[in-house]
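Trainee: Right, I'll just put the structure down here and ask away after.
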């Protein structure tokens, strides 16, 4: 079995910081939800550093820790750290765990368990990308077919219960590494508890990148690209999330329009009746008031869809 060196998992997670119509309380609830992904000592560091104290400014990209990243407290064995950022109206978080040793691809299962232990039950409200990286002891003796087999073993290590045999959606090269991409493009709906209320969000079911590097020198170039990947995967998930929102809004708009049509028909029937007594006019007035509320809601949903 082919060994790999320095297996590394980078998990990129994204949460919405504020959306259309949010007030300060809504924004604070989403901030606290994002903070739950961190160890308590790192949460305190985030609050103390105050990198986000620029209310009213939609920053494109800002690191939320003055030290850039924070190592996992009380960690032993594998190296691991948090790297939190703010991207416009969203939050981004990179969780990394790695070992410098030589392992088999199956070892990625242990690394994923360590990631999940740190993350707990917290989920991403915009989406997440798993990126698995390692380099080969002697790539010159490894054929492209063998490299793909290694990538599939890495995939099966972190998704052992996959319902289908993995066939990567994409394959390419990056600074000498062979890159594989697997994405399940179906959307999944999930409910997130924010303090005293719940929000429903729709995200991509799964997105994973596997990078097999030819040697240590190439692998060490990884550190220069994390900011680019943070932005790239954010754009990916924001587009998927925005598309999902349009599907939800479209269904709501269709339902509202159907109710408006029913209300119009009801009004027309009332107005066409010969009985124009006072109580009938009062009934029509009440119906018109309800109709106005429905129109306002319909218009708001159209504006949200346009946004």
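In our numbering, the protein residues as written are 62 to 368.
Backbone N, C-alpha and C fix where the C-beta goes; we use that ideal spot for every residue, glycine too.
Quick caveat, the model's predicted, so the values are computed rather than measured.
(1) Report the partner residues of residue 262 according to the DSSP bridge assignment.
(2) So, under 8 Å CB-CB, residue 275 and residue 159 are touching, yes? Tell me the CB distance rounded to an integer number of Å.
(3) Less than 8 Å separating the beta-carbons of residue 249 and residue 264?
(4) Could you say if the segment 293 to 306 and the segment 211 to 225 meet the contact criterion of at least three C-beta pairs nearer than 8 Å?
(5) Could you check which residue in 363, 78, 64 has the C-alpha nearest to that of residue 148?
(6) State the Cα-Cα distance for the pair residue 229 and residue 268, rounded to the nearest angstrom.
(7) Using only the alpha-carbon positions, how far apart do residue 205 and residue 246 sit?
(8) Kindly provide the ranges of any beta strand (DSSP E) runs that are 3 or more residues long and lie completely inside the segment 271 to 325, ordered along the chain.
(9) Pick helix, strand or coil for residue 238, following the three-state DSSP scheme.
(10) Can you check which of these residues, 64, 80, 66, 70, is closest to residue 261 by C-alpha distance?
(11) Pick out whichever of 289, 64, 347 has its Cα sitting closest to the Cα of residue 164.
(12) May I ask which residues mark the beginning and end of the beta strand (DSSP E) holding residue 120?
(13) Along the chain, where does the alpha helix (DSSP H) that runs through residue 23 open and close?
(14) Compute the distance between the beta-carbons of residue 73 and residue 178, then report whether it is under 8 Å.
(15) Residues in the same chain with beta-carbon distance under 8 Å from residue 352, minus the five sequence neighbours each way, listed in chain order, please.
(16) Can you say whether residue 208 is buried or exposed, counting buried as having 16 or more other CB atoms within 10 angstroms of its CB?
(17) Does residue 278 pass the burial test, meaning 16 or more other C-beta atoms within 10 Å, or should it be called exposed?
(18) Where do the N-terminal and C-terminal ends of the beta strand (DSSP E) with residue 73 fall, by residue?
(19) If you follow the alpha helix (DSSP H) that residue 145 is part of, which residue opens it and which one closes it?
(20) Using the three-state DSSP reduction, which class does residue 102 fall into: helix, strand or coil?
(21) Tell me, please, which residues DSSP counts as bridged to residue 158.
(22) Do you know how far the Cα of residue 359 is from the Cα of residue 102?
(23) Residue range of the alpha helix (DSSP H) that residue 178 falls in?
(24) Looking at the structure shown, is residue 269 part of a helix, part of a strand, or coil, going by DSSP?
(25) Go to residue 216, then tell me how far its alpha helix (DSSP H) extends in each direction, as first and last residue.
(26) Going by DSSP, what residues sit across from residue 192 in a beta bridge?
(27) Going by the beta-carbon positions, is the gap between residue 319 and residue 366 smaller than 8 Å?
(28) For residue 233, which residues of its own chain have a beta-carbon under 7 Å away from its beta-carbon, when the five flanking residues on both sides are left out?
(29) Decide if residue 146 is buried, meaning its Cβ has at least 16 other Cβ atoms within 10 Å, or exposed.
Mentor: So, from the listed chains and residues:
(1) DSSP output for residue 262 lists 251 as bridge partner(s).
(2) With a Cβ gap of about 18 Å, residue 275 and residue 159 do not count as contacting.
(3) Taking 8 Å as the Cβ cut-off, residue 249 and residue 264 qualify as a contacting pair.
(4) Taking 8 Å as the limit for Cβ pairs, the verdict is that the segment 211 to 225 does not touch the segment 293 to 306.
(5) Here the closest residue by C-alpha is 78.
(6) Their backbone Cα atoms lie some 11 Å apart in a straight line.
(7) Looking at the two C-alpha atoms, the distance is approximately 26 Å.
(8) As far as the segment 271 to 325 is concerned, it has no whole beta strand (DSSP E) run of at least 3 residues.
(9) Correct three-state label for residue 238: strand.
(10) Looking at the Cα atoms, 80 is the closest of the given residues.
(11) Closest option to residue 164, Cα to Cα, is 64.
(12) Residue 120 -> no beta strand (DSSP E), and no H or E assigned at all.
(13) Given that the chain is displayed from residue 62 to residue 368, the structure contains no residue 23 and the question cannot be resolved.
(14) It is not a contact, given that the beta carbons lie outside the stated cut-off.
(15) Excluding the 5 residues flanking it on each side, residue 352 has same chain C-beta neighbours closer than 8 Å at 321, 324, 325, 328, in chain order.
(16) Classification for residue 208: buried.
(17) Exposed.
(18) First-last of the beta strand (DSSP E) with residue 73: 65 to 77.
(19) Looking at the DSSP string, residue 145 is not in any alpha helix (DSSP H); the run it does join, the beta strand (DSSP E), is 140 to 148.
(20) The answer is helix: DSSP assigns residue 102 an H, G or I state.
(21) Under DSSP, residue 158 shares a beta bridge with 70, 141.
(22) Rounded to whole angstroms, residue 102 to residue 359 spans 46 Å at the Cα level.
(23) Residue 178: member of the alpha helix (DSSP H) spanning 169 to 180, first to last residue.
(24) Three-state result, residue 269: strand.
(25) Start and end: 205 to 219.
(26) Note: residue 192 sits in a beta bridge opposite 71, 270.
(27) If you check the CB distance, residue 319 and residue 366 do not come in under 8 Å.
(28) Same-chain partners within the cutoff: 240.
(29) Here residue 146 is buried. Its C-beta has 16 or more other C-beta atoms within 10 Å.
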